[in-house]
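Per my numbering, the sequence shown runs over residues 381 to 987. Cβ atoms here follow ideal geometry from the backbone N, Cα and C, with glycine treated the same way. As the structure is a prediction and not an experimental result, all values here were calculated from the model. Shown next, in structure tokens, is the structure this report addresses.
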Amino acid sequence: MSPSQILRPVNLFKRMLKMQSSLKRMKDGESVIDPTSTVGGGVGDVYGEDRATEDHLVTPWTVSVASGCTLLRDPHHNKGLGFTERERDSHYLRGLLPPAVSTQELQVKKLMQSIRSYEVTLHKYVAMMELKERNERLFYKLLIDNVEELLPIVYTPTVGEACQKYGCIFKRPQGLFISLKEKGKILEVLKNWPERSIQVIVVTDGERILGLGDLGCQGMGIPVGKLALYTALGGVRPSACLPITIDVGTNNQKLLDDEFYIGLRQKRATGKEYYDLLEEFMSAVKQNYGEKVLVQFEDFANHNAFELLAKYKTTHLVFNDDIQGTASVVLAGLVASLKLLGGSLADHTFLFFGAGEAGTGIAELIALEISTKTNVPVEEARKKIWLVDSKGLIVSSRKESLQHFKKPWAHEHEPLSTLLDAVKAIKPSVLIGTSGVGQTFTQDVVEAMAAINERPLIMALSNPTSQAECTAEQAYTWTEGRAIFSSGSPFDPYEYNGKSFIPGQANNAYIFPGLGFGLVISGAIRVHDEMLLAASEALASQVMQEHYDKGMIYPPLTNIRKISAHIAANVAAKAYELGLATRLPRPADLVKYAESCMYTPNYRSYR
Ligand code: NAI
């Protein structure tokens, strides 16, 4: 305690005088409740005890070897009841924990029981996030061991609701907030993050969160969730992951009017102001973490997403999950579905509903795959692919008014304004929804697909569930059980005419953790489109006959770590082949190497 914090005799004397005068006034029948007194119901500090310390500067500090309460409060090392008797002795934990000692497995069992008892999924999300802040290894063990059940909690669809209510859920910072206020100081802000060896950054500006639109600063739930999957599904160490939200304001009036909103209370900065901040951010990232840190752009609105990707892909290791990750996972599903549909990709016709980041990103990768496999120019391959946006079929007569990323898809055709007309005219074998608008694959549309195709392939990719273009049930019933269906958000298995169908989930979570891990373990310095193709092929190769028999075109998520290791190995192999890998020499068996590098959340023993 500093000398100035000790109550001096003179202060005590003053207080005694004050108490004597109060007593005298009490005797005289006068009310003695001092309006500033905390005792009397006010908030003032009548005894001056708080003021005795509040003016004095203190230094927050912590010891480097955690023990006792500090150890229990450190999520990286806390094991709760998992601390052994010996650890409780040697780390001053005796008495701070109840006597029982649990195995990590028993802790998982208990937590799953408690999470299942919540009826509201958002409560499950909050429980998971609290666990992450309390006991990191247990959080990851829980997630890995129960991936199918918990993925929809920490990721889409629940994470969408969590972002909408992030202002209320927010308790502790889980990532870095970089706002316009930090302009000119971003390098310093990065240095505030406690971890130094960052390998993967997921960054959003919150402008297009899932299909929910502009959630401003509250988009932070997305990078946090995605990085949790990088660790759980891909094996990147949690300490190497950094979630970042760039706050340039929001155009969401509801948030601006919300007194609990946690972000900058202004309309979005655009143009030079926006790009200057992003430029400072990207330079600071490279300066602080070097050339090999992966920056994943997440949920940026398409007017910035394409530009940022084009701008930084030649100078940084960047990847846009909405454009490239989605493309890669959808392509994997298409390649896998050829076993059910027959023919090659080039034999099919594709129609997209929605021509934004996801739609055009997928379309481009399909064209690239067709071009690579058939040796036709990519411009030629694009002719098999058609897109519909909010103004109808994208055709050459609209070219002048189209955004640049839609122009390559403006083929010769008469204008058509509805999706149904487009289906009837183009006769696609594959219909892909990336519009962000729910219930737009109407019965007419799905029946038209079923009339043209023996096995129509229907992908309703918009998230969250409420925005899906159609449900699994609708796809199966309207096609009399002939559809091959997959969606962005999960749907339960559906029984039609006594046959059980398992809808595939074209979930980016299949690809980005393995892809990112492949880049990390090979020390890649740039992302190349061929690496996306390599990731798709690795994923498609993991679909087995038993899965096809159930109508699945994606393998079950329960095997995701094995799948991620294969994807990582294929991506790393491509990085070495293209001369973009810096971790030398190249390991002989890349799958084994990837598996050996993966983070496992089992408890470690403390000395
Ligand atoms: P975006 O905003 O870039 O594109 C949306 C497109 O849909 C635009 O071309 C727009 O013109 C079109 N559109 C909007 N309303 C329409 C209407 N009523 N009729 C026809 N077209 C309409 O958005 P982005 O990034 O492409 O995402 C779209 C959806 O895809 C979102 O719901 C998102 O959650 C989902 N998505 C799903 C993924 C997955 O399942 N793996 C991955 C990425 C995105």
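Item, Value
"Straight-line gap, Arg588 to Thr814 (C-alpha atoms, nearest Å)", "13 Å"
"Range covered by the alpha helix (DSSP H) that runs through Met829", "Gln823 to Ile832"
"Option nearest Leu866 by Cα separation, candidates Phe897, Lys930, Gln667 and Met924", "With the sequence shown as reference, residue 866 is identified as Ser, and Leu is not the correct amino acid for it. Among Phe897, Lys930, Gln667 and Met924, the Cα nearest to that of Ser866 is on Lys930."
"Distance cut-off 7 Å: Asn631 Cβ against heavy atoms of the ligand NAI", "no"
"Gly591: CB within 7 Å of a non-hydrogen atom of the ligand NAI", "yes"
"Three-state secondary structure (DSSP) of Val758", "helix"
"Glu575 to Ala620 span [Cα, whole Å]", "7 Å"
"DSSP-derived helix/strand/coil call for Lys930", "coil"
"Which of helix, strand or coil DSSP assigns to Gln885", "strand"
"Burial state of Glu410, where buried means 16 or more other Cβ atoms lie within 10 Å", "Low confidence applies to Glu410: its pLDDT is 49, below 50, so where it sits in the model is not reliable, and the reading given next is rough at best. Exposed, by the Cβ-count rule."
"Contact test: Phe733 Cβ vs the ligand NAI heavy atom, cutoff 7 Å", "yes"
"Euclidean distance between Cα positions of Arg966 and Tyr956", "7 Å"
"Three CB pairs or more closer than 8 Å across the segment 627-643 and the segment 591-600", "yes"
"Given Leu745 as reference, the closest of Leu511, Ile765 and Ala945 once Cα atoms are compared", "Ile765"
"Limits of the alpha helix (DSSP H) - the one that Phe892 falls within", "Phe892 to Ser902"
"Same chain, Cβ closer than 8 Å to Leu718, five either side skipped, listed in chain order", "Ser724 and Leu725"
"Closest by C-alpha distance to Arg762, when choosing among Leu748, Lys771 and Ser770", "Leu748"
"Stretch-stretch touch, CB-based, cutoff 8 Å, three pairs: the segment 472-492 with the segment 546-557", "no"
"Candidates Lys563, Phe463 and Ile832: closest to Pro479 by CA position", "Phe463"
"Three-state class that DSSP yields for Val810 in the structure shown", "strand"
"Cβ shell of Leu518 (< 8 Å), same chain only, five flanking positions each side left out", "Lys459, Gly460, Gly462, Gln484, Gln487, Val488, Leu491, Leu511 and Pro981"
"Supposed contact pair Gly540 and Leu607 - C-beta distance, whole angstroms, cut 8 Å", "Incorrect: roughly 17 Å between the Cβ atoms, too far for contact."
"Spatial neighbours of Val923 in its chain, beta-carbon cut-off 6 Å, leaving aside the 5 residues before and after", "Ala716 and Pro935"
"Range covered by the alpha helix (DSSP H) that runs through Glu603", "Rather than Glu, the amino acid found at residue 603 in this sequence is Pro. Start and end: Gly601 to Ala612."
"Residue environment, Asp969, which counts as buried when at least 16 other CB atoms sit within 10 Å", "exposed"
"Outcome for Leu635 when other beta-carbon atoms lying within 10 angstroms are tallied against a minimum of 16", "buried"
"Check: Val907 C-beta below 7 Å from any heavy atom of the ligand NAI", "no"
"Leu714 Cβ short of 7 Å to the ligand NAI heavy atom set", "no"
"Ser577 versus Met508, Ile624 and Gly670, residue with shortest Cα-Cα distance", "Gly670"
"Proximity of Ile524 and Ala446 at Cβ, strictly below 8 Å", "no"
"Buried versus exposed call for Cys543 [16 or more other C-beta atoms within 10 Å across all chains shown]", "buried"
"Through-space distance from Leu721 to Ala802, alpha-carbon basis", "22 Å"
"Any non-hydrogen atom of the ligand NAI within 7 Å of Asn700 CB", "no"
"Reduced DSSP secondary structure (H/G/I, E/B, other) of Ser867", "strand"
"7 Å Cβ shell around Gln889 - same chain, five flanking residues per side excluded", "Going by the sequence as given, residue 889 is Ala instead of Gln. Excluding sequence neighbours, Ala889 sits near Leu531, Tyr535, Leu609 and Leu613."
"Paired residues, beta bridge with Thr625 - DSSP", "Phe557 and Thr584"
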